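As C-alpha cells, the structure follows; a few thoughts come after it.
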Amino acid sequence: MAGSPTARRRRLSFELKRLREQSGLTCAQVGEALDWSGSKVNRMETGSGRVQPSDIDALCRFYRTGDELREFLKSLARQAKVRGWWQTHGAGVPEWFNIYIGLEQDASTFRQYQCELVPGLMQTAAYAGELHRSGAHMSAEDIEKAVRVRMERQAMLRRPDAPDAWFIVNEGALRHVMGDRSVMREQIERVLETAALPTVTLQVLPFDSGTYPATGSFTMLGFPAPEDPDLVYRDGITDAVYLEGEHHVREYTRAFDGLRAAALSPQRSVPLIESILKDFAS
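Each residue of the sequence shown is one higher than the one before, starting from 18 at the first, in the working numbering.
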C-alpha cells in the first residue's frame with residue numbers, strides 16, 4: 018500500500034474511478050442511484066473531497082465488490098485522513114505544494130530537470146532561505162518553516178529505500194549567485210555531496226551543450242505499485258500543474274532523454290562542478 022496520506026488518497030481515487038468505468042456508468046448515474054449528486058462522485062474520483070468509510074460501503078454494495086476489496090478501500094479512506102509531517106508547518110508550505118511533497122515521499126523513481134535553481138533536494142538552508150526571502154511575501158517565521166520542510170524532505174535521498182533519483186541541472190543554475198559567495202561555496206559542496214549518494218545520478222547541462230529540448234524545469238515521479246501511474250509536476254509562483262496522462266508522461270520522458278543526451282555524463286559533470294566550486298572559493 019502507498020506510504021503517504023497523499024499517495025493513499027490518489028490510489029483510492031484511481032480505484033473508485035476504475036470501478037465506475039468497469040460498470041459503464043457516469044458519475045451522474047452513480048450519484049442518482051445512491052441518492053448523491055454526480056459532483057460528489059466526481060470529487061471522490063479526483064481526490065478533491067474526503068471519502069468516508071460509509072461512502073465506500075455504499076459504493077461497494079452498488080458495484081458488488083468482494084469483501085477484501087471493500088476493506089482495502091475503507092483502509093485507504095481512513096489512512097488518507099492522516100496528516101503528513103510536512104502538513105504541520107502551516108503557511109510555510111502552500112496547499113498545492115503539500116500535495117507534491119506527499120507524492121514525492123512515496124516515489125520510487127525521481128527525474129528532475131532544473132534550469133534556474135539548484136534542485137530543492139540538494140539545497141542548503143542558507144541557499145533556500147535566500148530564495149524564500151527574495152519573494153518578500155512571507156513572514157520570517159513562515160520562511161523558517163519552509164526552509165525546515167525543505168531540509169527534512171532531503172532525508173528521502175538517504176533512506177534505505179531511497180528512490181532512484183536522476184537530476185539534470187543547467188550550468189547557469191550552479192553559477193548564479195544566491196546571497197553571497199560563501200553561501201554558494203557551501204551550496205556547491207552540498208551538490209557534490211548529494212551527487213555522491215549511491216542512488217543519485219547528476220548531470221550538468223553546460224553552456225556549450227548546443228541545442229537541447231527547451232522545456233523549463235520539471236519533475237517526473239514514478240511509484241512502486243503498477244496501479245499508480247507516473248506523473249509530471251511543474252510549479253509556479255502561486256500554483257502547480259500535475260500531468261498524469263500517458264501522452265504527457267511519454268513526451269516529458271522523451272524531453273528528459275534529450276536533455277540527458279545533451280548534458281555531460283555524470284563522470285564529466287563532477288570536474289565541472291569542482292571548477293565552479295574553485296571559482297567561488299577564490
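Just so you know, even glycine gets a beta-carbon here, dropped at the ideal spot from N, CA and C.
Nothing here was measured: the structure is a model prediction, and the numbers come from that model.
**Request:** Determine the direct distance from the alpha carbon of P283 to that of R231, and round the result to whole angstroms.
**Result:** Here residue 231 turns out to be Ala, not Arg, going by the sequence shown. Each residue's Cα considered, the two are about 21 Å apart.
**Request:** Closer than 8 Å by C-beta to G48: which residues in its own chain qualify, once you throw out the five before and the five after it? Chain order, please.
**Result:** S54, G55, S56, K57 and V58
**Asked** For R167, which residues from the same chain have a beta carbon less than 7 Å from its beta carbon, with the 5 sequence-adjacent residues on both sides left out?
**Response** G137, Q140 and A145
**Prompt:** Does the beta-carbon of L93 have 16 or more other beta-carbons within 10 angstroms, so that it is buried, or is it exposed?
**Reply:** buried
**Through-space distance from A45 to D52, alpha-carbon basis** = 10 Å
**Asked** Is Q69 helix, strand or coil by DSSP?
**Response** coil
**Where the alpha helix (DSSP H) through D296 begins and ends** = P283 to A298
**Item:** V258, buried or exposed, once every other Cβ within 10 Å from all chains shown has been counted against 16
**Value:** exposed
**Asked** Which two residues bound the contiguous beta strand (DSSP E) that contains L209?
**Response** It is not in any beta strand (DSSP E) - L209 instead sits in the alpha helix (DSSP H) that spans R198 to A212.
**Request:** Check whether the Cβ of V266 lies closer than 9 Å to any Cβ atom in chain D.
**Result:** Protein chain content of the structure displayed is limited to a single chain, and chain D is not contained in it.
**Prompt:** With which residues is G239 paired in a DSSP beta bridge?
**Reply:** T126
**Message:** For the region 123 to 131 against the region 178 to 198, do three or more pairs of beta-carbon atoms, one drawn from each stretch, fall closer than 8 Å, so that the two count as touching?
**Reply:** yes
**Item:** Inter-residue spacing [alpha-carbon to alpha-carbon] between E88 and A142
**Value:** 43 Å
**Prompt:** Once you ignore the five residues that flank F3 on each side, which residues in its own chain have a CB closer than 8 Å to its CB?
**Reply:** Not covered by the structure: residue 3. The range shown for the chain is 18 to 299.
**Prompt:** Given 8 Å as the limit, is there contact between the region 285 to 293 and the region 239 to 251, that is, 3 or more CB pairs closer than that?
**Reply:** no
**Request:** Express the C-alpha separation of L90 and R81 in angstroms, rounding to a whole number.
**Result:** 13 Å
**Request:** Give a yes or no on whether the C-beta atoms belonging to A61 and S30 are separated by under 9 Å.
**Result:** Looking at the sequence itself, residue 61 is Met, so the reference to Ala does not match. For M61 and S30, yes; Cβs fall inside 9 Å.
**Prompt:** How would you write the range of the beta strand (DSSP E) that D181 sits in, first residue to last?
**Reply:** D181 to N187
**Request:** Classify L294 as buried or exposed, calling it buried when 16 or more other Cβ atoms lie within 10 Å of its own Cβ.
**Result:** buried
**Item:** Backbone secondary structure at Q140 - three-state DSSP
**Value:** coil
**Item:** Exposed unless 16 or more other CB atoms sit within 10 angstroms - verdict on R271
**Value:** exposed
**Message:** Assuming the contact rule is C-beta atoms closer than 8 Å, Y250 and L238 should be a hit. Round their C-beta distance to whole Å, please.
**Reply:** 7 Å
**Prompt:** By a C-beta neighbour count over all protein chains shown, 10 Å radius and 16 as the cutoff for buried, is E32 buried or exposed?
**Reply:** buried
**Item:** Neighbourhood of T366 by C-beta, 6 Å cutoff - its chain only, sequence neighbours within 5 removed
**Value:** Examination of residue 366 is not possible in this model, given that the chain is present from 18 through 299 alone.
**Message:** Based on DSSP bridge pairs, tell me the residues matched to R251.
**Reply:** V258
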